[in-house]
Amino acid sequence: MKATREQITAGILAGGAGRRLGGVDKGWYVLDKRPLVEHTITRVQPQTAAVIISANRSLDRYRTLGWPVVSDEDATYRGPLAGIARLLQAASTPYVLIVPVDTPQLPANLAVHLAAALDTDIDLCVARCGGRRQPLHALVRRELAGGLTRAVAEGVSRVTDWQDALRIRVVDWPECDAFANINAPADARHLAPRR
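One point on numbering: in the UniProt record's numbering, the residue at position 153 of the sequence shown is 153, and numbering is uninterrupted.
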């Protein structure tokens with residue numbers, strides 16, 4: 001049985017430091033007159049039953065968007081893996097669609113295609129484009145929350161290291177622009193003409 005929309009929560013990773021954007025909270029970086037977090041919610045909300053945002057600052061501002069907000073366990077930024085752990089803990093659906101806040105052109109069919117590849121013997125499905133895995137674009141079983149929380153506590157910090165220890169399946173995408181992210185102002189300038 002494949003995961004359906006009603007069984008999936010979108011988990012948005014918005015807890016980064018935004019160093020290459022001058023330290024701004026990346027979720028509130030404005031592209032096309034809208035903050036990145038709004039672009040991301042617009043993309044994932046139709047694909048999922050609920051949304052949860054992982055953030056480590058601007059918490060009250062994120063809450064104004066109407067979705068639950070969670071922070072890293074110890075209130076300090078420890079990387080996206082800690083954010084994923086919190087999202088899995090907070091979700092009430094069996095599956096969580098993990099996405100970063102900085103890819104405003106996310107595929108409108110990301111959840112559907114990842115869910116189609118998530119067989120009973122697979123822990124998570126992750127997107128790949130141009131031969132490059134997109135580890136922060138993945139459909140994950142919520143039941144992995146406990147193991148991930150322990151892995152983070154034991155010092156695992158790279159998302160790919162955690163994923164490689166699981167039963168994963170990669171799903172290839174033909175259009176890599178869907179995963180173009182904004183890490184610096186130049187990325188936003190490059191992306192804007194294509195939108």
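C-beta: ideal position from N, C-alpha, C; glycine also. Source: prediction; values computed, not measured.
Would you say residue i and residue j are within 8 Å of each other, going by their C-beta atoms?
i    : j    : result
F179 : C125 : no
A108 : Y62  : no
H113 : V171 : yes
D123 : L110 : no
A115 : W173 : no
Mark residue i as exposed unless 16 or more other C-beta atoms lie within 10 angstroms of its C-beta, in which case mark it buried.
i    : result
V96  : buried
T40  : buried
L59  : exposed
P35  : buried
A153 : exposed
R132 : exposed
E175 : exposed
Relative to the C-alpha of residue i, which residue among the options is closest?
i    : options               : result
D164 : Q45, V44, L148        : L148
I12  : V171, I168, L81, T4   : L81
S54  : R5, K26, E6           : K26
R167 : A138, D32, V99        : A138
V101 : A10, R5, E6           : A10
I182 : V37, K2, A3, R5       : V37
S157 : R169, G146, G79       : G79
W162 : V140, P174, D32, W173 : V140
L31  : R5, T103, I98         : T103
R142 : T64, I98, W28         : I98
L88  : T4, G146, T42, A3     : G146
T64  : A91, V24, W28         : W28
Excluding the 5 residues preceding and the 5 following residue i in the sequence, name in chain order all residues of the same chain whose CB lies nearer than 6 Å to its CB.
i    : result
P46  : none
P68  : I52
T160 : P135
A90  : I52, V70
Near residue i, which residues of its chain fall below 8 Å by C-beta distance, leaving aside the five closest residues on each side in sequence?
i           : result
S71         : G15, S54, A55, N56, L59, R86
residue 199 : Absent from the model: residue 199. The displayed extent of the chain is 1 to 195, so no value can be given.
K2          : A115, A116, L118
Considering only residues of the same chain and omitting the five flanking positions on each side of residue i, which have a CB-CB separation below 7 Å?
i           : result
residue 196 : Only positions 1 to 195 of the chain appear in the structure, and residue 196 is not among them; the question remains open.
A117        : C125, R169, V171
T120        : none
A151        : W162
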